[in-house]
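For reference, the structure is listed below as structure tokens.
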Amino acid sequence: MTASHVPVLAGELIEALDPQPGQIAVDCTFGAGGHARLVAERIGPTGTLIAIDRDPTAEQHFEAFAAEVSCATRFVNAPFADGLRQLLAEGVKADLVYVDLGISSMQVDTWERGFSYSYDAPLDMRMDPGQELDAALVVNTWDERRLAQILREYGDERYATQIARRIVSTRANGEITTTSALVDVIANAIPARARFAGGHPAKRTFQAIRIAVNDELGQVDEALPLAWRILRQNGRFAGISFHSGEDRRVKRFLAARAQGCTCPPELPVCVCGRTPEAELIGRGIAPTAGEVAANPRSASARMRAARKLREEEHSA
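In our numbering, each number is its position in the sequence shown, counted from 1, plus 5.
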């Protein structure tokens with residue numbers, strides 16, 4: 006495995022999941038298989054690892070992975086919410102479910118996929134190359150208000166309005182079709198003093214467009230209750246996020262399941278009868294300074310994990 010594919014928060018993930026021989030694990034975002042390999046080593050020849058990924062490149066990595074590990078393996082080529090839904094329909098129950106949200110290194114480092122602002126490529130950004138919506142369609146057809154909204158919501162972009170306005174005025178003279186052309190538009194929309202104040206000026210815009218193209222936050226909203234349902238009692242879930250919107254969703258989801266009695270404090274005894282479904286494992290675990298130094302892409306990562314205490318009374 007190359008340095009660019011070193012899995013983020015690997016030790017922390019293994020500690021939180023505590024994989025044991027013979028368990029069934031579901032890796033919701035297989036990517037290049039970095040986390041899966043560590044889990045597979047621990048569940049051993051009597052265990053099973055099911056990998057989900059919508060990127061066909063991940064399936065190529067999975068074939069090599071499956072040939073090298075001792076556990077039983079299976080690959081589901083689908084967005085992770087759809088993959089989890091398929092497994093639930095089959096009656097699969099898992100001991101471990103984990104998800105590494107956001108973009109994988111193999112996607113960023115494949116120039117023709119158009120995910121990176123660091124080199125010139127066609128505007129694409131699709132995790133599933135078979136889907137119709139791509140970055141070029143977003144940039145060249147979405148109206149100014151909608152563009153500004155995603156830049157603010159998905160990219161926390163301070164200059165969202167200015168960038169959206171510049172995109173619309175530029176494309177009026179011809180479509181924006183490459184990453185370098187979009188970078189130029191963004192740079193020209195941002196005041197000179199602010200262009201490199203917080204890293205590359207295109208970083209937040211590219212992130213926002215990528216999230217919109219792949220409906221990443223919608224996938225998280227769909228997948229979390231499905232992941233929880235597929236866990237058997239005492240099973241463990243872990244989610245690694247790289248964006249505040251993702252992390253907020255995972256945090257709220259697990260906190261809601263860890264909540265017990267919701268009765269007003271003035272009541273002398275509990276009448277709601279609610280007991281926690283989850284026991285939280287740590288709180289917002291971040292990478293160490295050493296990991297960030299070795300892999301700067303890990304800097305924004307946060308992991309949240311929980312153990313399932315009981316089956317939920319109503320399916321989410």
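Note that CB positions come from ideal geometry on N, CA and C, so glycine has one too.
A distance of 7 Å or more separates the beta carbons of A153 and A140. A Cβ-Cβ separation of about 6 Å places N145 in contact with I181 under the 8 Å criterion.
For the stretch 182-256, the continuous alpha helix (DSSP H) assignments of 4+ residues that do not extend past its boundaries occur at 184-194, 208-218, 221-235, in sequence order. Taken through DSSP and simplified to helix, strand or coil, T166 comes out as helix. Q167 and A199 have their alpha carbons spaced roughly 13 Å apart. If you compare the alpha carbons of P301, G49, F85, R309 with that of E73, the shortest gap goes to G49. Check the Cα spacing between P84 and each of L222, P292, G39, K98: the tightest is with L222. Annotated as distal: I57 and C76, with beta-carbon spacing of 7 Å or more.
Judged by their CB atoms, V44 and A21 are not nearer to each other than the 7 Å cut-off. Contact between the stretch 89-107 and the stretch 116-132 is absent, with fewer than three C-beta pairs closer than 8 Å. For R150, there is no enclosing beta strand (DSSP E); the residue is part of the alpha helix (DSSP H) that begins and ends at 149-160. Shown here, A15 sits in a helix according to DSSP, grouped into three states.
Here the stretch 128-139 lies against the stretch 207-219, with 3 or more beta-carbon pairs under 8 Å apart. Shortest Cα-Cα distance from G287 to any of A294, I245, V274, E271 involves I245. Between R253 and T51, the alpha-carbon positions lie close to 36 Å from each other.
CA-CA distance, A197 to M130, rounds to 27 Å. Counting along the chain, T53 sits inside no alpha helix (DSSP H); it lies in the beta strand (DSSP E) bounded by residues 53-58. T183 and S121 have their C-alpha atoms roughly 11 Å apart.
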